[in-house]
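Heads up, the thing below is written out as C-alpha cells.
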Amino acid sequence: MAVAALPGEAGPAGDRTSLKTKLRRAERVNRLRSFSLVAPLLLFVLAVFALPIGLMLLRAVENTEVRETMPRTIDALDAWDGRETPGEEVFAAFATDLVQTQKDRTTALVGKRINYEVPGARSRFLKAGRLVDAGGGGPWKEKFLASDAEWGSVEFWAIMKRAGQTLTPYYLLTSVDLRQDAGGAVTTNFADQSIFIDIFIRTLSISLVVTLATLVLGYPVAHLLAILPPRHANVLMILVLLPFTTSILVRTTAWIVLLQSNGVLNDILLALHLTTERVQLIFNRFGTVLAMTHIQLPFTILPIYSVMKSIPPSHLRAARSLGAGPLTAFVSVYVPQTLPGVGAGCLLTFILSLGYYITPALVGGPQDQMVSYFVALYTNREMNWGQASALGGILLMITLVLYAVFNRVVGIDKVKLG
Numbered sequence: 001m002a003v004a005a006l007p008g009e010a011g012p013a014g015d016r017t018s019l020k021t022k023l024r025r026a027e028r029v030n031r032l033r034s035f036s037l038v039a040p041l042l043l044f045v046l047a048v049f050a051l052p053i054g055l056m057l058l059r060a061v062e063n064t065e066v067r068e069t070m071p072r073t074i075d076a077l078d079a080w081d082g083r084e085t086p087g088e089e090v091f092a093a094f095a096t097d098l099v100q101t102q103k104d105r106t107t108a109l110v111g112k113r114i115n116y117e118v119p120g121a122r123s124r125f126l127k128a129g130r131l132v133d134a135g136g137g138g139p140w141k142e143k144f145l146a147s148d149a150e151w152g153s154v155e156f157w158a159i160m161k162r163a164g165q166t167l168t169p170y171y172l173l174t175s176v177d178l179r180q181d182a183g184g185a186v187t188t189n190f191a192d193q194s195i196f197i198d199i200f201i202r203t204l205s206i207s208l209v210v211t212l213a214t215l216v217l218g219y220p221v222a223h224l225l226a227i228l229p230p231r232h233a234n235v236l237m238i239l240v241l242l243p244f245t246t247s248i249l250v251r252t253t254a255w256i257v258l259l260q261s262n263g264v265l266n267d268i269l270l271a272l273h274l275t276t277e278r279v280q281l282i283f284n285r286f287g288t289v290l291a292m293t294h295i296q297l298p299f300t301i302l303p304i305y306s307v308m309k310s311i312p313p314s315h316l317r318a319a320r321s322l323g324a325g326p327l328t329a330f331v332s333v334y335v336p337q338t339l340p341g342v343g344a345g346c347l348l349t350f351i352l353s354l355g356y357y358i359t360p361a362l363v364g365g366p367q368d369q370m371v372s373y374f375v376a377l378y379t380n381r382e383m384n385w386g387q388a389s390a391l392g393g394i395l396l397m398i399t400l401v402l403y404a405v406f407n408r409v410v411g412i413d414k415v416k417l418g
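Using full-length UniProt numbering, the first residue of the sequence shown is number 1, and each one after it goes up by one.
Set out below in C-alpha cells:
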C-alpha cells in the first residue's frame with residue numbers, strides 16, 4: 001500500500017521538483033559567478049582588440065566626406081542619367097554647396113577625396129571655391145565650364161556621384177590594384193598606381209624567408225638546449241632570452257652599426273681578405289632579412305625547445321637498439337615528434353613578421369618596405385585613413401586565410417607552445 005504523506009510534508013514528486021529547482025538555481029549562480037570572473041578580461045579584449053579591428057574594417061569602406069560636405073549636389077546627381085554633362089540644376093546645387101564649404105573651410109577636404117580617383121581634382125575644387133566667392137550668381141554651368149573644361153567631363157560627375165555613397169569599395173579595390181570605371185565595372189588599376197599586389201607579395205616573401213632562416217638556425221640551438229646538462233643549458237637559455245631585455249629599436253640600431261659601409265662586418269671582411277672593397281650590407285633585402293631573423297629567432301627556438309624537452313631519450317635508444325643508425329633514428333623517430341613545436345614556432349614567427357615596420361624602415365631600402373610601412377604612410381603623412389584601414393584589413397584577411405590553411409593541412413590542435 002502507498003503511504004500517504006503526512007500534512008506539511010512534501011511527497012516524493014515534490015522532493016524531486018524541489019531538488020531540480022535548487023540544482024538549477026545553484027548552476028545559475030555558479031555560471032554568473034564564473035562569468036563575473038571572466039567579464040573584466042572579456043571587456044578588456046573587446047575594448048582593445050575587437051573594437052579597434054571593427055572600427056578599422058568600417059573605416060576601410062566608410063565614405064562620408066562627400067555626402068556630408070556636398071549634400072545638395074549628391075541629391076541632384078541622384079536624378080542624373082550619367083549619359084551627358086549634368087544640367088544647370090546640378091551645377092547650381094554644386095555652387096550652393098561650395099559656398100557652404102568655403103565658409104566651413106572644407107573645400108580642400110572634399111577635393112582631396114575626389115583627388116584619390118581624379119588626379120588634379122583638389123586644385124580644381126579650390127579654384128571653383130574662389131569662383132563662387134567672387135559671387136555674381138548663375139548660370140553656374142557656363143561659369144564652371146568657362147573656368148575649366150574638365151567640369152564638363154561625364155566621367156568626373158560619375159565618380160562624384162559614386163563618391164556620394166556612404167559606403168565605398170574604392171579603398172579595398174585600390175589595395176588589390178583594382179578600380180571602378182565610370183560605369184561602375186571593376187577593372188585593373190592604372191599601371192602607375194598598381195603597386196599594392198607587389199607589396200603584399202614582398203611582405204609574404206620576406207616573412208617566409210625569415211621564418212625559414214629562423215628554423216634553420218633555431219632548430220639546432222633548441223636541440224642543444226634540450227640535450228645539454230641543466231647547468232650549461234641554463235647559460236645558453238639566458239643567451240637566447242637576452243635579446244628580450246632590449247627593445248626592437250635598439251637591436252635594429254645595433255645592426256645599422258654592424259652592417260653600414262664603415263661598420264664592423266665590412267672591416268672584418270676586408271681584414272680577412274674575403275673582399276677587396278666594402279660591401280653594401282644595409283638598406284637592401286639582405287640587411288632586412290638578417291635583422292628580422294635575429295629579432296625573431298627566440299620566438300622560433302622556444303616552442304621547439306619546449307617540445308624537444310618533453311621527448312623521452314629512450315625513444316632514440318630504442319630505435320638504435322632495433323638497428324637504426326644515428327641519422328636514421330634522428331630523422332625517422334626524433335624529428336617527427338618535434339613537428340608540433342616546429343609548427344608553433346614557424347607560425348608565430350611568420351605572423352609576427354607580416355606586421356614588421358621599424359626594422360625594414362631602418363635597415364631596408366625602398367624595395368624592401370612591407371605593408372606596415374604603407375599603413376603608417378597613409379595614416380601619418382597622407383592622412384588617408386580609409387586606404388590605411390583597407391591595407392590593414394587585407395593583411396588581416398591574408399593572415400586569417402593562411403591560419404585556416406595551416407589548420408587544415410597541419411592541424412592547430414597538434415601545435416604545441418610548451
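All residues carry an ideal CB built from backbone N, CA and C; glycine is no exception.
Item                                                                                                        : Value
Between the CA atoms of P298 and L241 - distance to the nearest angstrom                                    : 7 Å
CB of V221 within 8 Å of CB of M292, strictly                                                               : no
Runs of beta strand (DSSP E) wholly within the segment 134-213 (minimum 3 residues, chain order)            : 178-180, 186-188
Bridge-paired residues (DSSP) for E65                                                                       : In DSSP, E65 forms no bridge with anything.
Coil, strand or helix - M1 by DSSP                                                                          : Legend: pLDDT at M1 = 45, less than 50; position of this residue unreliable, no value from coordinates given.
Local Cβ density within 10 Å of T187, reported as buried at 16 or more and exposed below that               : exposed
Length of the line joining the Cα atoms of T245 and I295                                                    : 12 Å
Which listed residue (A163, E155, D75) has its alpha carbon closest to that of L109                         : A163
Nearest-angstrom Cα separation, counted from P52 out to L391                                                : 15 Å
Continuous alpha helix (DSSP H) stretch holding V257: start and end                                         : 248-259
Alpha helix (DSSP H) runs contained entirely in the segment 311-344, provided each spans 4 or more residues : 314-321, 326-329
Length of the line joining the Cα atoms of R122 and L217                                                    : 52 Å
Pair within 8 Å by beta-carbon distance, Q369 and A361                                                      : yes
Anticipated Cβ contact below 8 Å, T338 with I304, distance rounded                                          : 6 Å
7 Å Cβ shell around V3 - same chain, five flanking residues per side excluded                               : Legend: pLDDT at V3 = 49, less than 50; position of this residue unreliable, value from coordinates given subsequently. Correct list: empty, nothing qualifies.
Own chain, CB closer than 6 Å to S175, minus 5 neighbours either side, in chain order                       : F196, A390, L391, I394
Test item: CB-CB of V363 and I282 under 8 Å                                                                 : yes
Extent of the continuous alpha helix (DSSP H) to which I295 belongs                                         : 285-309
C-alpha distance - R251 paired with G129, whole-angstrom precision                                          : 51 Å
Limits of the unbroken alpha helix (DSSP H) element including V401                                          : 385-409
Residues near L178 in its chain [Cβ-Cβ closer than 8 Å; skip 5 each side]                                   : V186, T187, T188, N189
Own chain residues within Cβ distance below 6 Å of M1, not counting five before or after                    : Model confidence at M1 stands at a pLDDT of 45, short of 50, so the residue's coordinates are unreliable; what they give is reported in the following sentence. No residues qualify anywhere along the chain.
Whole beta strand (DSSP E) elements within the segment 90-119, 3-residue minimum                            : none
Residue range of the alpha helix (DSSP H) that includes P230                                                : 230-241
The segment 325-335 in contact with the segment 370-382 per 3-pair CB rule at 8 Å                           : no
When M397, N234, T85, R231 are compared against W151, the one with the closest alpha-carbon                 : T85
Close Cβ partners of T168 (< 7 Å) along its chain, the five nearest in sequence each way excluded           : V61, N63
Simplified DSSP state of T275, which is helix, strand or coil                                               : coil
Alpha-carbon spacing of I159 relative to D104, whole angstroms                                              : 23 Å
C-beta neighbour in chain C for P312, strict 8 Å                                                            : Looking for chain C here will not work: only one protein chain is present.
Contacting residues, own chain, Cβ-Cβ under 7 Å from R59 (five flanking each side not counted)              : W385, G386, S389
Pairwise C-alpha distance: S36 and D45                                                                      : For clarity, residue 45 is Val in the given sequence; the question names Asp instead. Looking at the two C-alpha atoms, the distance is approximately 15 Å.
I301 to G345 span [Cα, whole Å]                                                                             : 7 Å
Exposure of L322, with buried meaning 16 or more beta-carbon neighbours within 10 Å                         : exposed
P340 and V307 closer than 8 Å at C-beta                                                                     : yes
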